[in-house]
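Going by mature numbering (1 follows the signal peptide of the UniProt record, and there is no 0), the letters in the sequence shown line up with residues -17 to -1, 1 to 120, in that order. We treat Cβ as the ideally placed atom computed from N, Cα and C, and that holds for glycine. Nothing here was measured: the structure is a model prediction, and the numbers come from that model. What follows is a set of notes on a single structure, which appears directly below.
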Amino acid sequence: MAFLWIFALAIVAVATAEEAPGPAPGCGEPETTTPKPRRHGIVTNVNLCNRTILEWNGRELPASCTVHCPNKRRDWVTNRMPCLKFSNKTFLLERKDGAQPKYTCRVGFCFNGRCEPKRPLHKVPCTVPADRDERNE
């Protein structure tokens, strides 16, 4: 009889010593999602107006030919200024140089607040710069 009591106490001790079981696999765990690629960088000026930009060969060009300001005011970028239209496709390179991921952009020209693609289509590698404030006058 004493053997049964010792055996029962041993089972209770082992059961309480183990960690409580966690949630079943796939339940309660946060899903890992990859963020969508950013389509442009945003530059905010001293008047709190936002303009969108993309970078090609170290040169920043407008991604949208419209500048968005407070009070829903919109200004146009100068007509015939070069601009870039973003594409989700990565630019085909023969080798990877370890730089930022290169996307494909189409070169165009600003006309009445819109980026009109150049004809024939001219595709170039572009990068999305980080957002920044340009608070100097």
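Residues bridged to residue i [DSSP beta-bridge criterion]
i	result
Pro65	Phe92
Gly24	Ile36
Leu44	Leu37
Lys106	Arg89
Inter-residue spacing [alpha-carbon to alpha-carbon] between residue i and residue j
i	j	result
Ile36	Tyr86	14 angstroms
Trp39	Cys52	25 angstroms
Pro18	Ile25	18 angstroms
Lys72	His23	14 angstroms
Phe92	Glu43	14 angstroms
Asp116	Pro103	35 angstroms
Where residue i falls, given that 16 or more other Cβ within 10 Å makes a residue buried
i	result
His105	exposed
Val29	exposed
Nearest neighbour of residue i, chosen from the options [CA to CA]
i	options	result
Cys48	Pro18, Gly24, Asn54 and Asn95	Asn95
Pro112	Pro45, Thr17 and Val29	Pro45
Ser70	Thr16, Asn54, Thr61 and Arg21	Arg21
Asn119	Thr16, Ile(-12) and Thr27	Thr27
Same chain only: Cβ atoms within 7 angstroms of residue i, ignoring 5 sequence neighbours per side
i	result
Val90	Pro65, Leu67, Lys101, His105 and Val107
6 angstroms CB neighbourhood of residue i in its chain, flanking five on each side removed
i	result
Val50	Cys32, Arg34 and Asp58
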